[in-house]
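Residue numbers (this note's numbering): 143 to 463. Have a look at the structure below before the remarks.
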Amino acid sequence: MSRKTNRRNFLVGSAVAATAIGSQALMKKPTPASSSTTKSMPERVLGKTQSSLPVLGLGGAGQTPISYEGREVEAIALIEKALELGIIYYDTAASYGPSEERFGKVLPTYRDRIYLNSKTAARDYDGAWRELEQSLKRLQTDYLDSWQLHHVSFIDELDTIFSENGAIKAVEEAKEQGLIKFSGITGHHEPEIIAEGLRRYDFDTTLISLNAADVHHPRPFSRTVLPVARENNVGVIAMKVPAYGNLLKPDLLSSMEQAMGYSLSLSGVHCCIIAAENPEQLESNVTVARNYTPLNAAQMSQIEQLTVNAGENGAFFRRWT
């Protein structure tokens, strides 16, 4: 059976499920924030996608109920709060536990107002297709705004991805069939691998570790990936921005102001994703994003100096959202 036939049958089932979920969600309380009544977050165009998005999006993994079993009520409350606060970018992955299913219980009603991203860790054609189909079912949608190759760290992974039966073939077919709008690649530890991926293929987006400690690392993403991304107009989403407070600890609010301010002030960064443990923390993060103004070189340097020890201690600051 061809993939096109599978897609046609698959989409019929997805549409019915999404309609049912959407009807239930209509009775829920969230109403996306209105710029006429609420101060909006600054927006930037996400590279060649031409999508204008707020500078802060919601991460669906890490220390958040969205990715933990047994915390569905808390997860739904958090997602509803994100909608109320004007969050548009929602990030998840096939490997994030119940994360996709949590988003799928709330977001379908608002599908035309959000930017939804998921990821596949598969490197081969068949594996990537299976994960995409699972992601769409869990998210109760018939398309993703972007689909990214998840956590690519080794050159042999790139070789497999771009081989005759590699995942890139699934990416291209999914885009042709309208299952995804944009494609991307993500990396946590090895910036040269991501830069090479961007040189090999015309990706639309990249999600990479970018925070104030990156400059002290022997393999910095900011100096390796960002120049390639800028040259190719690739949309850049920063992750691992606050490292859950491990980088900057004067107090929670000023720490987030420094962390988010630094990452968003790097040349070529369009937005960032940060997970939240509860609605109150999310609201605090959104407040920081709403008040964000670009930092100058002196301010950036001061923040970098606060993270010298984090860089010397290794890459722990890349492992956290």
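In this text, a Cβ means the ideal position worked out from N, Cα and C, and glycines have one as well. Values in this document were obtained by computation on a predicted structure and should not be read as measured data.
Using only CA atoms, which one of the options lies nearest to residue i?
{"i": "P362", "options": "L352, Q423, V370", "result": "L352"}
{"i": "M322", "options": "S443, E422, Y257, E419", "result": "Here residue 322 turns out to be Ile, not Met, going by the sequence shown. Minimum Cα distance to I322 is reached at Y257."}
{"i": "D301", "options": "I335, Q447, T435", "result": "I335"}
{"i": "G403", "options": "L437, H359, G410", "result": "L437"}
{"i": "S397", "options": "K311, H330, S426, T348", "result": "S426"}
{"i": "I229", "options": "T449, R432, N451", "result": "R432"}
{"i": "Y238", "options": "H293, G199, R341, L227", "result": "H293"}
{"i": "E332", "options": "E318, G326, V430, V367", "result": "V367"}
{"i": "L200", "options": "V450, G326, V383", "result": "V383"}
{"i": "L249", "options": "H358, F324, Y231, Q290", "result": "Y231"}
{"i": "R255", "options": "R272, E226, R265, A263", "result": "E226"}
{"i": "T348", "options": "N420, R342, G326, R372", "result": "G326"}
{"i": "D284", "options": "G204, I303, T251", "result": "T251"}
{"i": "R341", "options": "R372, L198, A264", "result": "R372"}
{"i": "Q290", "options": "E314, I297, R213, H358", "result": "E314"}
{"i": "I465", "options": "Q400, M381, L424, E399", "result": "No answer is possible for residue 465: the residues shown for the chain start at 143 and end at 463."}
{"i": "E299", "options": "L286, D266, S364, S288", "result": "D266"}
{"i": "A217", "options": "L424, H358, S295", "result": "L424"}
{"i": "P360", "options": "V450, R213, D346", "result": "V450"}
{"i": "A385", "options": "F345, H330, D344", "result": "H330"}
Express the C-alpha separation of residue j and residue i in angstroms, rounding to a whole number.
{"i": "R253", "j": "D356", "result": "35 Å"}
{"i": "H412", "j": "T328", "result": "15 Å"}
{"i": "K261", "j": "L281", "result": "12 Å"}
{"i": "V154", "j": "L278", "result": "The predicted position of V154 is uncertain, since its pLDDT is 39 and thus under 50; a value taken from the coordinates is nonetheless stated next. Each residue's alpha carbon lies about 12 Å from the other."}
{"i": "Q447", "j": "L408", "result": "16 Å"}
{"i": "P551", "j": "K247", "result": "An answer regarding residue 551 cannot be provided, because it is not within the stretch 143 to 463 covered by the chain."}
{"i": "I445", "j": "V370", "result": "25 Å"}
{"i": "L395", "j": "V430", "result": "Below a pLDDT of 50, predicted positions are generally treated as unreliable, and L395, at 46, falls in that range; no measurement from the model is reported."}
{"i": "D268", "j": "V428", "result": "39 Å"}
{"i": "S405", "j": "L274", "result": "30 Å"}
{"i": "G339", "j": "T435", "result": "31 Å"}
{"i": "A418", "j": "V215", "result": "15 Å"}
{"i": "A235", "j": "P184", "result": "26 Å"}
{"i": "K317", "j": "N420", "result": "35 Å"}
{"i": "K181", "j": "L198", "result": "14 Å"}
{"i": "N307", "j": "R272", "result": "14 Å"}
{"i": "A264", "j": "K311", "result": "12 Å"}
{"i": "A203", "j": "E422", "result": "17 Å"}
{"i": "D233", "j": "V187", "result": "17 Å"}
{"i": "H358", "j": "A309", "result": "33 Å"}
{"i": "F296", "j": "I303", "result": "11 Å"}
{"i": "Q319", "j": "A337", "result": "28 Å"}
{"i": "S364", "j": "F345", "result": "18 Å"}
{"i": "Q276", "j": "S288", "result": "15 Å"}
{"i": "Y343", "j": "Q400", "result": "34 Å"}
{"i": "A270", "j": "F324", "result": "15 Å"}
{"i": "G410", "j": "S305", "result": "30 Å"}
{"i": "I350", "j": "N259", "result": "14 Å"}
{"i": "R213", "j": "A354", "result": "32 Å"}
Sorry if obvious, but does the Cβ on residue i come closer than 8 Å to a heavy atom of the ligand NAP?
{"i": "E332", "result": "As far as ligands go, the structure on display features none, and thus does not contain the ligand NAP."}
Would you please verify whether the beta carbon of residue i is less than 9 Å from any beta carbon of chain C?
{"i": "T348", "result": "The structure shown contains no chain C; it is built from a single protein chain."}
Where do the N-terminal and C-terminal ends of the alpha helix (DSSP H) with residue i fall, by residue?
{"i": "T366", "result": "363-366"}
{"i": "F296", "result": "Taken as a continuous stretch (DSSP letters only), F296 belongs to no alpha helix (DSSP H), as it is neither H nor E."}
{"i": "K223", "result": "214-226"}
{"i": "K317", "result": "309-318"}
{"i": "G246", "result": "241-246"}
Tell me the residue span of the beta strand (DSSP E) that contains residue i.
{"i": "R186", "result": "185-187"}
{"i": "D344", "result": "D344 -> no beta strand (DSSP E), and no H or E assigned at all."}
{"i": "L195", "result": "194-196"}
{"i": "G329", "result": "322-329"}
{"i": "D233", "result": "231-233"}
| Taking contact to mean at least 3 C-beta pairs separated by less than 8 Å, is the stretch 189-196 in contact with the stretch 374-387? | As far as the Cβ criterion goes, the stretch 189-196 touches the stretch 374-387, which means the pair count is three or higher.
| field | Whole runs of the beta strand (DSSP E) within the stretch 379-444, excluding any shorter than 3 residues | value | Whole beta strand (DSSP E) segments, 3+ residues: 413-416.
| task | Count the CB pairs spanning the stretch 439-447 and the stretch 225-242 that are closer than 8 Å, and state whether there are at least three. | result | No, they do not touch.
| request: Would you check if the stretch 217-230 and the stretch 198-208 touch, i.e. whether three or more CB-CB distances between them fall below 8 Å? | output: Segment contact: the stretch 198-208 against the stretch 217-230, three or more CB-CB distances shorter than 8 Å; contact assigned.
| field | Runs of alpha helix (DSSP H) lying entirely within the stretch 254-305, each at least 4 residues, in chain order | value | Runs of the alpha helix (DSSP H) inside the stretch 254-305: 267-281, 297-303.
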